[in-house]
Amino acid sequence: MAVPEISAREAEVLAALGEHLTNAEIAARFVISVRTVESHVSALLRKFGASDRRALASLAPSVVAPGAAAPALPAALTSFVGRAEERAALVSAITSQRLVTAVGPGGVGKTRLALAVASSSDVAERFTGGAWYADLVPVADGEGVPAAVAAALGLGEQPGRSVLQTVVA
């Protein structure tokens with residue numbers, strides 16, 4: 001059977017179905033709504049011509065490579081030009097400090113600069129685990145930050161631990 005083309009998120013949902021997670025558990029893992037999970041499941045059922053979730057779950061091991069993870073950083077759609085001083089300052093800051101925050105008005109390129117630095121060889125050589133991107137745009141308050149970070153790192157729920165404890169561990 002030819003494998004249909006599926007998005008990265010659909011692959012994540014399919015892998016979670018292979019783990020026999022409920023829609024609510026999948027939503028919590030990826031910090032998305034249950035309705036969004038339902039939409040992905042419907043799309044997967046249609047694309048694979050599967051009759052139900054159980055059939056999809058049985059397909060997961062052959063479709064989703066074991067240990068395959070979503071990219072840690074979003075792909076850059078354009079090249080990054082200029083801002084050499086800011087890049088150098090940010091590389092210096094992240095290699096000497098445990099926590100670095102880029103501040104400034106919206107739209108000035110903080111995220112683009114951070115992603116350019118995070119994907120550079122300067123950073124890859126210094127951090128064995130690489131750099132990871134946690135999208136905090138949909139997070140309404142500080143309470144949602146641990147869940148967003150956990151989702152970015154691909155961490156699932158751990159019995160007896162809060163999401164924050166899981167992220168910190």
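Numbering (full-length UniProt numbering), first residue to last: 1 to 169.
Glycine included, C-beta positions come from ideal geometry on N, C-alpha and C.
I'd like to check one pair, residue j with residue i: are the Cβ atoms closer than 8 Å?
i: PRO4; j: PHE48; result: yes
i: ALA15; j: ALA84; result: no
i: ALA131; j: LEU73; result: yes
i: ASP122; j: VAL149; result: no
i: ALA151; j: ARG29; result: yes
i: VAL34; j: ALA24; result: yes
i: VAL167; j: PRO138; result: no
i: LEU113; j: ARG87; result: yes
i: THR95; j: ARG54; result: no
If we ignore side chains and look at the alpha-carbon of each, how far apart do residue i and residue j end up?
i: LEU44; j: ASP52; result: 10 Å
i: GLY156; j: SER58; result: 21 Å
i: GLY160; j: SER119; result: 35 Å
i: GLY18; j: THR111; result: 34 Å
i: TYR133; j: LEU21; result: 24 Å
i: THR36; j: ASP135; result: 17 Å
i: ALA8; j: ARG98; result: 30 Å
i: LEU56; j: ILE6; result: 13 Å
i: ALA75; j: SER162; result: 31 Å
i: GLU38; j: ALA140; result: 23 Å
i: GLY107; j: GLY142; result: 22 Å
i: ALA169; j: GLN158; result: 11 Å
i: ILE26; j: GLY129; result: 25 Å
i: ALA50; j: VAL31; result: 26 Å
i: ALA102; j: GLN165; result: 25 Å
i: SER62; j: VAL81; result: 41 Å
i: SER42; j: GLY144; result: 27 Å
i: SER79; j: VAL117; result: 12 Å
In chain order, what residues of the same chain lie with their CB nearer than 8 Å to the CB of residue i, ignoring the 5 residues before and after it?
i: VAL100; result: LEU90, ALA93, ILE94
i: GLY109; result: ARG83
Could you pull out every residue in the same chain whose Cβ sits closer than 7 Å to the Cβ of residue i, ignoring the five residues on either side in sequence?
i: ALA124; result: GLY130
So, at 6 Å on beta carbons, what are the nonlocal neighbours of residue i in its own chain, with the 5 sequence-adjacent residues on each side left out?
i: HIS40; result: GLU10, VAL13
Uninterrupted beta strand (DSSP E) stretches inside the UniProt domain "HTH luxR-type" (1-64) (no shorter than 3 residues): none
Entirely enclosed alpha helix (DSSP H) segments - the region 110-140, minimum 4 residues: 110-118, 121-124
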